[in-house]
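First the structure, in the form of C-alpha cells, and then the observations on it.
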Amino acid sequence: MTAAYTFDVFCSLDGFGSHTGDWGGYWGKQGPEFLEHRLATYRDEQRMVFGATTFRENIEMLGPDVEDAEARDPWVARMRNLPATVVSSTLREPLHWPDATVVSGDPVDIVARLKKESGVPLRSHGSLTLNWALLAAGLVDRVQVTVFPVITGNTGAGPVFGGAADFDLELLESHTFDGRIQELVYRPTRHG
Numbered sequence: 490m491t492a493a494y495t496f497d498v499f500c501s502l503d504g505f506g507s508h509t510g511d512w513g514g515y516w517g518k519q520g521p522e523f524l525e526h527r528l529a530t531y532r533d534e535q536r537m538v539f540g541a542t543t544f545r546e547n548i549e550m551l552g553p554d555v556e557d558a559e560a561r562d563p564w565v566a567r568m569r570n571l572p573a574t575v576v577s578s579t580l581r582e583p584l585h586w587p588d589a590t591v592v593s594g595d596p597v598d599i600v601a602r603l604k605k606e607s608g609v610p611l612r613s614h615g616s617l618t619l620n621w622a623l624l625a626a627g628l629v630d631r632v633q634v635t636v637f638p639v640i641t642g643n644t645g646a647g648p649v650f651g652g653a654a655d656f657d658l659e660l661l662e663s664h665t666f667d668g669r670i671q672e673l674v675y676r677p678t679r680h681g
C-alpha cells in the first residue's frame, strides 16, 4: 500500500504564501473554527515532510529556544511533535525538533521511498520548492490550499505555485471557516 501525500499550504487570495507587511500570522484572519479544524487535521498520526528552507523557518518560529512556546496554537504544537523527515543536503542533526530525521539526496527518490514504506499518511506544510518537484513527479496525491481573505499585492512574498508546472485540479473538498477562510482540497493531474 502506498501512503497518501498531501501538500498543505496557506496563501493570500492573490497566491502568496507569506508577506513582508504588518499583517501578522494568518494575515490576522484566523478564528476559532479555523484553529479547531487545523488541530483536527493534525490529530491523526502522520509523517511531516519538510524542505530545508521551510524547516529552518519553522525552527526559528517554533524551536525550543522560542520564548512563547506555550503560546503556540495547539495544531502547531501537534505538528511539531509529529515525526518528520527533512530533505536537505545542508542541515545536520541534531535538529532541535522532537522527532526529525535529515535525509539527503534526490527529493523525488526520498519521497517515493517514503510513500512505499510509510504506514501513515505524509503531509508537507509549506516547502514550496520541494513540493513543486514532487508535483512534477506525480507524487502529490492532494493539494490542500487554505486561502485567507486578503490581497497582498504590495507585501506578498513566496508565490505558492510560482515554480510549479501546469496541473488540472479535481476538487475533492471545500470548507469555509469563520465565515471568511476557504480551504480547498484538490487531486492534481499534470496538464498536457
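Each residue of the sequence shown is one higher than the one before, starting from 490 at the first, in the working numbering.
We put the CB at the ideal spot given by N, CA and C, even for glycine.
None of the values given here were measured: they were computed from a predicted structure.
Cα atoms of Val629 and Ser607: separation of roughly 15 Å, rounded to the nearest angstrom. The beta carbon of Tyr531 sits closer than 6 Å to those of Trp564, Arg567, Met568, all from its chain and outside the five residues before and after it, given in chain order. In this structure Ala573 is not in contact with Asp595, their Cβ atoms being roughly 19 Å apart against a cut-off of 8 Å. For His526, the enclosing alpha helix (DSSP H) has its first and last residue at 521 to 532.
For Arg527, the closest alpha carbon among the candidates Asn547, Asn620, His614 is that of His614.
The criterion of a C-beta distance shorter than 8 Å is satisfied by Val674 and Arg631. Taking the Cβ atoms as the reference, Thr641 lies roughly 4 Å from Ser501, within the contact range of under 8 Å.
For Pro572, no beta strand (DSSP E) segment is defined, and its DSSP state is neither H nor E.
Minimum Cα-Cα distance from Ser507 among the listed residues Val636, Val591, Ala653 corresponds to Val636. Judged by beta-carbon spacing, Thr495 lies within the 8 Å limit of Gln633, meaning their Cβ atoms are closer than that value. With a cut-off of 8 Å on Cβ pairs, the stretch 616 to 630 is in contact with the stretch 647 to 662, counting three or more such pairs. Rounded to the nearest angstrom, the gap between the Cα atoms of Ile599 and Gly540 is 12 Å. Membership of Val636 in the beta strand (DSSP E) is indicated by the continuous run 631 to 637.
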